[in-house]
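The structure appears below as structure tokens.
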Amino acid sequence: MTAVAASLSILRPTLAALAAAGLLLAQPLARAADAHGDGHGAAPAAKPAAKPAAKPAAADAHAEPAKGGAHAAPAAAGHGKAAPPPPSGADPMDTLRDKLAQKLGAAKAPDAPSPYVMRVVAKSGEELHGGEAGKVIKKLRTEKAAAGHKADPHAAHWSYGGDGGPEQWGQLKPEFAKCSSGTRQSPIDIRGGVKVDLEPIQFDYRATGFGVIDNGHTIQVNLQGGNAIEVGGRRFDLVQFHFHRPSEERINGRQFDMVAHLVHKDPEGRLAVVAVLLDRGSAHPLVQSVWNNLPLEKGQEQGARVQMDMNHLLPADRRYYTYMGSLTTPPCSEGVLWMVMQQPVTLSTEQLAVFTKMYPMNARPIQQASGRLIKQSN
Ligand SMILES: [Zn+2]
């Protein structure tokens, strides 16, 4: 508190002046604020998705394998860190705002300062003159809580196009660095695989309960426990599956209408993803069951009243391609075992249209294979 009080008193006259001049804009703070965030530019998306933390189902493919929980890694890293230094050559006013944001963050605020912090300061500059820092910060926190998560949705929020698009993922947050620096990234164009007698994947799937969530990047199905695969002497539990349109992976250059990624995790947190390609044809009952349970609101998981048997999503022919790659969404962590089923399954044009309406394009561009070994079943 003392450190904060001191820095506030240093900043006080300047802030007051800026406030008086109406120059304290909320906007630039969003950058600093987001550095603390847990990647929920689309606030409603990440929150509830992360909520069933007890349930491994919260893990999305987009998890950090080395650190266990899917959202745990980015969130923990995000909340603990100070705002990044302002870019060199930054406007001195920006620097001042960033500095204040850091100080407020350092004051053990339960959450990052939001743009609303600055609005409050501008409105009630006298608070800064009269009250002690603790009181001010308390008030700011309250204001912030009331204001809710309205951080700039573009700052540090990843997407599939425009601001925050795939080319920028690696620069959005330090923990996303692998997205640009990684050399074993996914997806890839699968070609030139060596044909060998690959061990069959042992699918130990059964009918279980499930819930559907629109997490702001895709439609994801969280499954209750009891589903697993065994491969390479390891047992991986099925945590969730989700969709991309079009398929992220290509087979000899060919892209499919969609793909389902079945995300599995072993007790050490290692990830194994089974990809099932979806091609237009007859309607798919399991896909329909997911669509039937689509939640009306983003970020809110809808529990289904029926069960789902994941065996029904698998193609009859269980031959597959396999290679080592990464998550295809930030943080793009590597060390993910990929198994892409060679035979696609079908969904109808109408079923495809349902997903297209929500996510017309949510596929990361193809990454360099960089001489990685690809194996495929004979
Ligand atoms: Zn995926």
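Numbering (this note's numbering) for the sequence shown: 339 to 716.
Each residue gets a CB set at the ideal place from its N, CA and C atoms; glycine is no exception.
These figures come from a predicted structure and were not determined experimentally.
Alpha-carbon to alpha-carbon, residue j and residue i
i, j, result
"His582", "Met596", "6 Å"
"Ala545", "Asn560", "13 Å"
"Lys533", "Ser715", "6 Å"
"Gln523", "Thr684", "27 Å"
"Lys695", "Ile557", "12 Å"
"His555", "Glu568", "29 Å"
"Ala613", "Met646", "18 Å"
"Arg592", "Met662", "20 Å"
"Leu600", "Gly499", "24 Å"
"Gly709", "Gly531", "11 Å"
"Ser497", "Ala515", "15 Å"
"Glu688", "Val644", "22 Å"
"Asn700", "Asp542", "29 Å"
"Leu362", "Pro703", "Interpretation of Leu362 is limited by its pLDDT of 36, a score under 50 that renders its predicted location unreliable; no figure is taken from the coordinates."
"Gln506", "His602", "27 Å"
With 16 other Cβ atoms within 10 Å as the buried cut-off, status of residue i
i, result
"Gly549", "buried"
"Asn553", "buried"
"Ala598", "buried"
"Ser620", "exposed"
"Met679", "buried"
"Gln540", "exposed"
"Ala654", "exposed"
"Ser664", "buried"
"Ala610", "buried"
"Gln706", "exposed"
"Ser671", "buried"
"Glu587", "buried"
"Thr521", "exposed"
"Pro504", "buried"
Cross-strand partners of residue i (DSSP beta bridge)
i, result
"Ile589", "Ile528, Arg592"
"Leu711", "Beta-bridge pairing links Leu711 to no other residue."
"Met679", "Tyr658"
"Ala691", "Answer is none; Ala691 lacks a bridge partner."
"Ala308", "Residue 308 falls outside the range modelled here, since the chain spans only 339 to 716, and no answer is possible."
Contiguous alpha helix (DSSP H) assignments of at least 4 residues, all confined to the stretch 507–582 = 507–510, 516–519
Which runs of the alpha helix (DSSP H) spanning at least 4 residues fall entirely within the stretch 609–664, listed in chain order?
-> 623–630
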